[in-house]
Every structure is written in structure tokens, then in C-alpha cells.
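In this note's numbering, the protein residues as written are 7 to 111. Every residue gets a Cβ at the ideal spot worked out from N, C-alpha and C, and that includes glycine. Quick caveat, the model's predicted, so the values are computed rather than measured.
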Amino acid sequence: MHILFQLLEQETEAAVRAVLGHFTFVFIHPDMDGNGRMGRFLMNTILASGGYPWTVIPVEKRAEYMQALEQASSHQDISPFSKFIAYLINEAMEEKAVAIFPESK
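Okay, structure coming up:
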């Protein structure tokens, strides 16, 4: 785990750190239970540190999330997972903008 945090310290962009941290933590799977929850919490704390809004993975997108994680693990291709998380971050940013500036709907 120490190496994971060293790796994350080297990346300057919070969104990239968040995706890498989330995926790597879940891939390492250090605990018997709760790795997904901790991975998502880690992702959100890293996003928040970079000024990004809290990003939720909706229940209706859970299958897509799991498929992207599986592809990243089994095919050694993190691109679909990165794109999926980027899409959710973008949605969260748009929702935050509407909440702050309701007239911009």
C-alpha cells in the first residue's frame, strides 16, 4: 500500500490520481470485505482534494462500473474504466454547476 501512495503522490492531476487510486486499491484487494467502498471513498477524497465534486456511482450504472473494472483487471486496459469515471465526474460537475447557478439549466 505504501507504494500505491508513493505512485499517487507523483501524479499532479487529482482526477488521474483518483482513477488510479480507485482502480489500484480495488485490484490489490487488501481486505476481505469493503474494498469497493474504500476504493470509491479513496477516489472521492482525492477528487475533493483537487476541487472536484463528490462523484457517486449510481445503482443503475453498477453493472457498467463492474464491467469496466473487470476489463481493466483481466485485459490490463484501464481506458474504459477511466472513461467511465471521467463521465461520472463530468456529470457531477454539471450537477454542481446547476445547483450553484440554477439559471444555467
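- Assignment of Met72 by DSSP, reduced to helix, strand and coil, places it in the helix class.
- Judged by beta-carbon spacing, Thr61 lies within the 9 angstroms limit of Glu97, meaning their Cβ atoms are closer than that value.
- In this structure, the alpha-carbon of Ser85 lies about 18 angstroms from that of Arg46.
- Contact between Glu70 and Phe90 holds: CB atoms are separated by about 6 angstroms, below the 8 angstroms threshold.
- Distance between Asp39 and Ile63, taken at the CA atoms: about 18 angstroms.
- Taking the Cα of Gly42 as reference, the smallest distance to any Cα among Glu17, Glu76, Gly57 and Gln16 is reached at Glu76.
- Of the other Cβ atoms in all chains shown, 16 or more fall within 10 Å of the Cβ of Leu26; this residue is therefore buried.
- Taking C-beta atoms as the reference points, Ala24 and Ile52 count as a pair closer than 9 angstroms.
- Listed in chain order, the non-local C-beta contacts of Ala20 below 8 angstroms within the same chain comprise Ile52, Leu53, Ser55, Gly56, Gly57 and Tyr58, local neighbours out to five positions each way being set aside.
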